[in-house]
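Novice: In the working numbering, the protein residues as written are 1274 to 1411. Glycine residues also receive a C-beta, built at the ideal position from the N, C-alpha and C atoms. Okay, here's the structure, questions in a sec.
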């Protein structure tokens, strides 16, 4: 039950942060971005915990970037293409795929994943007494 509480807490924090991030930088967001942001913070934390925070930071960032970009693609296909909600469209951005993902935003997600890895680990340490993340840089 404790793990469920931890992951629900991380999901809510990640959702709030990503939704707010979009409001600040885009001027709007969509509830699906709350869900997606929460899921991504949970993953950033879970993958670190699974490796007991021993994997080098670069490996964790790449793992998280792939996860986040994959989730964005799947969410985009469902939300933007199937449901026609038009939450985002990267069609005019270089190196894009179906307007749903693009290389420049993948790089931005790498930066956000770095924050997410540390944030999730330290929140669980400080609030739930979990193992303190000691993440090697390389």
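Quick one: Cα of residue 1371 to Cα of residue 1315, how far?
Specialist: As a first step, residue 1371 must be located in the chain shown, where it is residue number 98. As a first step, residue 1315 must be located in the chain shown, where it is residue number 42. Going by the C-alpha atoms only, they are around 27 Å apart.
Novice: Hey, quick one: how far does the alpha helix (DSSP H) through residue 1363 stretch, first residue to last?
Specialist: For the purposes of this step, residue 1363 is taken as the residue at position 90 of the chain shown. Run containing residue 1363: none; DSSP gives neither H nor E here.
Novice: What do you reckon, are the CB atoms on residue 1318 and residue 1394 nearer than 8 Å?
Specialist: What you label residue 1318 is simply residue 45 of the chain shown in a count that begins at 1. What you label residue 1394 is simply residue 121 of the chain shown in a count that begins at 1. Yes, the Cβ-Cβ distance between residue 1318 and residue 1394 is below 8 Å.
Novice: Buried or exposed for residue 1389, going by 16 or more other Cβ atoms inside 10 Å?
Specialist: Indexing the chain shown from 1 puts residue 1389 at position 116. Burial call: buried.
Novice: Could you check whether the stretch 1334-1341 touches the stretch 1376-1385, counting it as contact only if at least three pairs of C-beta atoms, one from each stretch, sit closer than 8 Å?
Specialist: Yes: the two stretches touch, three or more of their Cβ pairs being nearer than 8 Å.
Novice: Considering only residues of the same chain and omitting the five flanking positions on each side of residue 1410, which have a CB-CB separation below 7 Å?
Specialist: Stepping through the chain shown from its first residue, residue 1410 is reached at position 137. Excluding sequence neighbours, residue 1410 sits near 1329, 1330.
Novice: What is the DSSP secondary structure of residue 1410, reduced to helix, strand or coil?
Specialist: Reading the chain shown from its first residue, position 137 is the one you call residue 1410. Three-state result, residue 1410: coil.
Novice: When the Cα of residue 1287 is compared with those of 1406, 1396, 1404, 1408, which residue comes out closest?
Specialist: For the purposes of this step, residue 1287 is taken as residue 14 along the chain shown, with counting starting at 1. Selected option, being the one with the closest Cα: 1396.
Novice: For residue 1315, report the span of its alpha helix (DSSP H) as first-last.
Specialist: In the chain shown, counting from the first residue as 1, residue 1315 sits at position 42. Counting along the chain, the alpha helix (DSSP H) containing residue 1315 begins and ends at 1304-1323.
Novice: Looking only at C-alpha atoms, which of 1297, 1356, 1312 sits nearest to residue 1345?
Specialist: Sequence index remark: in the chain shown, residue 1345 carries index 72 (1-based). Comparing Cα positions, the closest option is 1312.
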